[in-house]
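Before any comments, here is the structure.
Set out below in structure tokens:
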């Protein structure tokens, strides 16, 4: 199983840039001799086992190493990180102010795209559509309430008439004679 990674910088000539290729590799032990086999397109290339200082670990826990391969001599040279790291000097106050001013200047020159304004455009368009629908369908929306109000007015008028009649009857201002009652009765049905 090819679970290790090898990055080769193939040096062709001194005046030409290096060719960088990534390969998968596995550790193989034959007759007590261990080496790494590279998986290439055509064949398996043997590679000497790298020294521990040249091996790094990826974030997935796989081993990775980097080497130079000289085409003329066919030898491998592993690249080892320097043990001492150079410390960076922090920015001075003037450098920080200059950097902040450059960032502000770049942000002020930056043009806003329509995607940045999309939430505002969508919310305003939704409000306009809702208002347009309310104005278009206003008559349909208010018609039932207007009909209900006119019916309520007619019921209220009838109730007022009935109250006035009851008031006259209670106060004995209105007298209904038997003659009026007889005149208002419907005709008897024929026998």
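Numbering (the numbering used here), first residue to last: 1 to 191. We treat Cβ as the ideally placed atom computed from N, Cα and C, and that holds for glycine.
Fill in: Residues sharing a beta bridge with residue 56, DSSP
In the chain shown, residue 56 corresponds to position 56, counting from 1. The partner list for residue 56 (beta bridge, DSSP) reads 64.
Practice prompt. Hey, could you find the ends of the alpha helix (DSSP H) residue 104 is sitting in?
Written response: Taking the chain shown and counting its residues from 1, one reaches residue 104 at position 104. It spans 93–109 - the alpha helix (DSSP H) in which residue 104 sits, taken as one unbroken run.
Fill in: residue 39 - containing beta strand (DSSP E), residue span
To locate residue 39, count along the chain shown from 1; it is residue 39. Residue 39 -> beta strand (DSSP E) spans 33–39.
Worksheet item: Is the closest heavy atom of the ligand GTP to the C-beta of residue 167 under 7 Å?
Response: The ligand GTP is absent from the structure shown, which contains no ligand whatsoever.
Worksheet entry | Simplified DSSP assignment, three categories, for residue 168 | Locating residue 168 in the chain shown gives position 168, counting from the first residue. Here residue 168 sits in helix by DSSP.
Worksheet item: Counting along the chain, where does the beta strand (DSSP E) carrying residue 8 start and finish?
Response: Reading the chain shown from its first residue, position 8 is the one you call residue 8. Counting along the chain, the beta strand (DSSP E) containing residue 8 begins and ends at 4–11.
Fill in: Within 8 Å, strictly: CB atoms of residue 40 and residue 50
Here the question's residue 40 lines up with position 40 in the chain shown. Here the question's residue 50 lines up with position 50 in the chain shown. No, they are not a contact pair.
Worksheet item: In or out: residue 37 buried (at least 16 other Cβ within 10 Å) or exposed?
Response: Here residue 37 refers to the residue found at position 37 when the chain shown is read from its first residue. Answer is buried; the Cβ neighbour count reaches 16.
Worksheet entry | residue 118 (DSSP reduced to helix, strand or coil) | One-based indexing of the chain shown puts residue 118 at position 118. Helix, per DSSP.
Worksheet entry | Contact belief for residue 69 with residue 76 at Cβ below 8 Å, rounded distance in angstroms | The count along the chain shown starts at 1 and reaches residue 69 at position 69. The count along the chain shown starts at 1 and reaches residue 76 at position 76. Between residue 76 and residue 69 the Cβ distance is about 6 Å, and since that is below 8 Å, they are a contact.
Worksheet item: Got a sec, what are the start and stop residues for the beta strand (DSSP E) residue 26 sits in?
Response: For this step, residue 26 is matched to residue 26 along the chain shown. Here the beta strand (DSSP E) through residue 26 covers 19–30.
Worksheet item: Cα separation between residue 160 and residue 149?
Response: Residue mapping note: residue 160 aligns to position 160 of the chain shown, counting from 1. Residue mapping note: residue 149 aligns to position 149 of the chain shown, counting from 1. Distance between the alpha carbons of residue 160 and residue 149: 16 Å.
Fill in: residue 77: first and last residue of the uninterrupted beta strand (DSSP E) it sits in
To locate residue 77, count along the chain shown from 1; it is residue 77. It spans 76–78 - the beta strand (DSSP E) in which residue 77 sits, taken as one unbroken run.
Discussion item. Quick check: the Cα distance between residue 62 and residue 113, rounded to an integer number of angstroms?
Written reply: To locate residue 62, count along the chain shown from 1; it is residue 62. To locate residue 113, count along the chain shown from 1; it is residue 113. Approximately 42 Å, taken between the alpha carbons.
Discussion item. Please classify residue 152 as buried or exposed, where buried requires at least 16 neighbouring CB atoms within 10 angstroms.
Written reply: Indexing the chain shown from 1 puts residue 152 at position 152. Residue 152 comes out exposed.
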